[in-house]
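To start, the structure itself, in structure tokens.
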Amino acid sequence: MRWIGGKVIGAGLERAPALPNAHRLLQWVYVGRVLLAIVVFVAAAFYFRAQPPEVLLALATAAIASVIVSAGSAWYTHVLRAPPRQTFLYSQSLFDVALVTTIVHLTGGADSDFSALYILVIAVSAVLMPVTSGLLVTLLASLVYLADIVWWHPIQVSVRVGLQILVFLSVAVATGWLASRVSAVGAQREVLQKEVTRLRLEASDILRNIRSGIVTVDGAGNLLYANPAAEELLGVALGPLVGRPLVEVLQARSPWLWAAIVATQRHGQGIVRSEGRMVVNGRSFPIGLTTTALEMEPGHDPSVTAIFVDITDQKRLEEMHLRTERLEAVAELSSSLAHEIKNPLASIRSSVEQLARSARANADERFLAHLVVRESDRLARLLTEFLDFSRVRVTHSRELDLLTVARAGADVVRRHPDCPPGTNIAVEGEVLRIEGDEDLLHRVVVNLVLNGVQAAGEGGRVRVCVRRARGDEIPIGVRLDDPVVLEVTDNGPGVAEEIRERVFDPFVSGRVGGSGLGLAIVQRAVQAHRGFVLFDSPAGRGTTFSVVLPGRAAQASAGA
């Protein structure tokens, strides 16, 4: 994960000084032990030729033993990866005490230049073992050293030997105490480092997996950080652009986004929940944006972090809610007006018919009366549609097969007088069970398929498909159980640009002579089933209406 300015939380902890771990320290012990024994043997053999043969034999034996013990110990701890337990550490310390005592004994006892090696053995033991164990090793080394001098070199017993033993004990106590303190600090550091690493990984996972795009630029406009969601939304790989200017990428896709970043940087004040648009690969979609300014160094332009997200689903959901509210208001008004107009209209029609049948009516009067009656009938049909629109509600809900409903609706349209000759209507999909009002859903299918054949024209194609919904088809914030889709696609010219935003509104029609209530009725019928309707209409490439309904978690079988 890349962080602002290349600074990673916890990096200082990783560089903090600490004691080497046991395996590393033991590795040094093995190497030092073998080198010491070999160097002493070679020195005795080549530089102190006057040494008796038994001394050389003892040193050679010590060197060979050092190689064997060190090799075996290294195989145990570094090949088998066995943990160095207390018994193993005691054995190493005892061997080192014996080795140093042998070298000191053969090189002069208290006058030996190698007696200081006891301090090294004691210090290593104090670091590797608890304080009490280190003191035991120190006591053993002191006793062995003193015994060697008293037994083999009694003339050398002096205050100097006592001071040496006192130094041994002091080194053991001081080293043990320091080692315990450093170990405690190291343990705390490891716990803190693990916690920081965990938090860093969690933050990295969150930033990598959230849907919002996150982009951070420095004061010069160079990219510092971008998460995968930002790359997906912008449609470009941003990894190679880290440390380089981001202006060209953002200017090409969303000048508004770049302007918001520049404004935040210039004024040092973030933007909260602003909305704009982005164009990627020819697709324009709305985005929501929040920016934050962070001053990295005094006197320099602040870095800016922009958090942006595709709010297409949110806008779609808002539109569906607004559409529902408008349809409810229009339905209520339509019902009221239809009832108020229908009775007076019937009286007008009846009166005109009677006047037309009068013996005193001339030809012109009868012609005008015929026009009034004809237009009254048309108005009556329109009022009936108004009433149908206002009365759309589920009255008889039962379990039914949506594919069967789709086939029945398609059959009705095939026989409809407005169905152009040569139109191909294909129905396919799965047998999916839902709870619904068959009459209402039948009207939904008929309206959508009829719209499709009218838009496709003579020789056109309309495809009806019943299937399970994909996860990406459900807008964020909408919850449906086991959703199913009734999809109606035609190969017509598509929905005109000027009516796309109002295609589900009452009295809006893309066809001359249409009442504009067909899709409004579809919308209300689908909402009565707790579903929703979506449509996609690329210019000149036909139209697809998708009716998404809650299904039943039942085993589906394939249907033709």
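Residues -5 to 554 in the numbering used here are what the sequence shown lists, from first letter to last.
Think of the CB as a built atom: it goes at the ideal place given N, C-alpha and C, for glycine as much as any other residue.
Beta-bridge pairing of residue i - partner residues as DSSP gives them
i, result
"Glu48", "According to DSSP, Glu48 bridges with nothing at all."
"Phe498", "For Phe498, which the question treats as bridged, DSSP gives no partner whatsoever."
"Gly282", "Glu269, Val303"
"Val542", "Val479, Phe526"
"Pro239", "Asn216"
"Ile208", "Ile301"
Reduced DSSP secondary structure (H/G/I, E/B, other) of residue i
i, result
"Phe108", "coil"
"Pro411", "coil"
"Leu311", "helix"
"Pro487", "coil"
"Arg392", "strand"
"Asn275", "coil"
"Pro338", "helix"
"Ala56", "helix"
"Val91", "helix"
"Leu133", "helix"
"Gly6", "Interpretation of Gly6 is limited by its pLDDT of 44, a score under 50 that renders its predicted location unreliable; no figure is taken from the coordinates."
"Ala287", "strand"
"Thr537", "strand"
"Arg464", "coil"
"Ser66", "Correcting the residue type first, residue 66 is Gly in the shown sequence and not Ser. Helix at Gly66."
"Ala141", "helix"
"Val230", "coil"
"His72", "helix"
"His261", "helix"
"Gly102", "coil"
"Pro222", "helix"
"Arg368", "helix"
"His294", "coil"
"Leu511", "coil"
"Ala402", "helix"
"Leu186", "helix"
Pairwise C-alpha distance: residue j and residue i
i, j, result
"Phe539", "Gly423", "15 Å"
"Thr126", "Ile113", "17 Å"
"Ser206", "Arg27", "60 Å"
"Pro544", "Val256", "46 Å"
"Ala357", "Pro500", "39 Å"
"Gln348", "Glu452", "43 Å"
"Glu48", "Glu184", "51 Å"
"Gly536", "Arg238", "43 Å"
"Val36", "Ala110", "20 Å"
"Leu442", "His436", "10 Å"
"Ile305", "Arg375", "42 Å"
"Phe89", "Pro234", "58 Å"
"Ile58", "Leu51", "10 Å"
"Ala224", "Ile208", "6 Å"
"Pro415", "Ala340", "37 Å"
"Val23", "Ile97", "17 Å"
"Gly0", "Arg75", "Residue placement at Gly0 is flagged as unreliable, the pLDDT there being 37, under the threshold of 50; a coordinate-derived value is accordingly withheld."
"Arg518", "Val274", "34 Å"
"Arg401", "Ile515", "20 Å"
"Leu122", "Ser85", "12 Å"
"Val2", "Leu228", "For Val2, the pLDDT reaches just 37, beneath the cut-off of 50, and the residue's location in the model is therefore unreliable, leaving the point undetermined."
"Glu467", "Asp475", "14 Å"
"Ser352", "Val502", "41 Å"
"Ile265", "Ala300", "9 Å"
"Ser278", "Met272", "6 Å"
"Arg546", "Glu429", "7 Å"
"Gly534", "Gly486", "7 Å"
"Asn221", "Leu232", "9 Å"
"Val346", "Val367", "7 Å"
"Phe108", "Thr101", "8 Å"
"Gln263", "Thr210", "15 Å"
"Val236", "His294", "20 Å"
The ligand MN heavy atom lying under 6 Å from the CB of residue i
i, result
"Leu283", "Looking at this structure, you won't find the ligand MN or any other ligand, since it has none at all."
Cβ separation of residue i and residue j, assumed to be a contact under 8 Å, to the nearest whole Å
i, j, result
"Val407", "Val447", "6 Å"
"Val460", "Val478", "7 Å"
"Ala287", "Val298", "6 Å"
"Asp307", "Pro469", "4 Å"
"Val399", "Ala522", "Wrong, their Cβ atoms sit about 15 Å apart, outside the cutoff."
"Leu251", "Gly270", "6 Å"
"Val34", "Leu20", "That pair is no contact at about 21 Å."
"Thr81", "Val138", "Not confirmed; about 20 Å, so no contact."
"Asp412", "Leu444", "7 Å"
"Gly454", "Thr417", "5 Å"
Practice task
Run through the region 408 to 459 for me and flag every whole beta strand (DSSP E) of 3 or more residues, listed as ranges in chain order.
Solution key: 418 to 425, 427 to 431
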